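Have a look at the structure below before the remarks.
Residue numbers (our numbering): 42 to 228.
Structure follows, in structure tokens:
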């Protein structure tokens, strides 16, 4: 089932949503163990989201999170938290997004999954931006944007995703060059 899930993930990431859904459906019929089920449901949620079936995608991401928690699998749970919170922000379900971001950050930092923690911090900055909480935007983004350099086998810091909320925050405060001020300061 996990091999099929990996195949479905490649289809979903390549924008071949129909193929991803077909592969996930076949794999779920095998009644996989909870961690593989979580991975499959994450891939299904992504494909559904890209097809515009937002309600079903959100429900699928919630099922993925529940399966990962049942399996005590923090990696799949962190992935589900990111996908779920990102999607909730897109449909302006800010209360649900806040809860999932907070829970996800706590888990990611407890198990030291820094890349997931950084993604969730970026989502937290987007949440503050959506609420017009200008003081909190930069503060939420800082741990990921300014985090330590990646070690062997880790992803680089996520500076680019933070530029959008940081630029919007700077524009709201009257800085005409948006995020450029941050980059010039660090050079």
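Beta carbons are placed, not taken as given, at the ideal position from N, Cα and C, and that holds for glycine.
Model, not experiment: these values are computed from the prediction.
Reduced DSSP secondary structure (H/G/I, E/B, other) of residue i
i	result
residue 115	helix
residue 120	helix
residue 57	coil
residue 73	coil
residue 145	helix
residue 134	coil
residue 174	coil
residue 179	helix
residue 105	helix
residue 42	coil
residue 223	Summary for residue 223: the model assigns pLDDT 44, below 50, so the residue's position carries little reliability; its value from the coordinates is reported in the next sentence. Three-state DSSP puts residue 223 in a helix.
First through last residue of the alpha helix (DSSP H) which encompasses residue i
i	result
residue 93	Element bounds for residue 93: n/a, residue is neither H nor E.
residue 154	Unbroken run through residue 154: none, as it is neither H nor E.
Take every Cβ of the segment 64-84, pair it with every Cβ of the segment 42-55, and state whether three or more of those distances are shorter than 8 Å. yes
Touch test, the segment 144-154 against the segment 169-178, Cβ-Cβ under 8 Å, three pairs minimum: no
Check whether the segment 95-108 touches the segment 53-64, taking contact to mean three or more Cβ pairs, one atom from each stretch, closer than 8 Å. no
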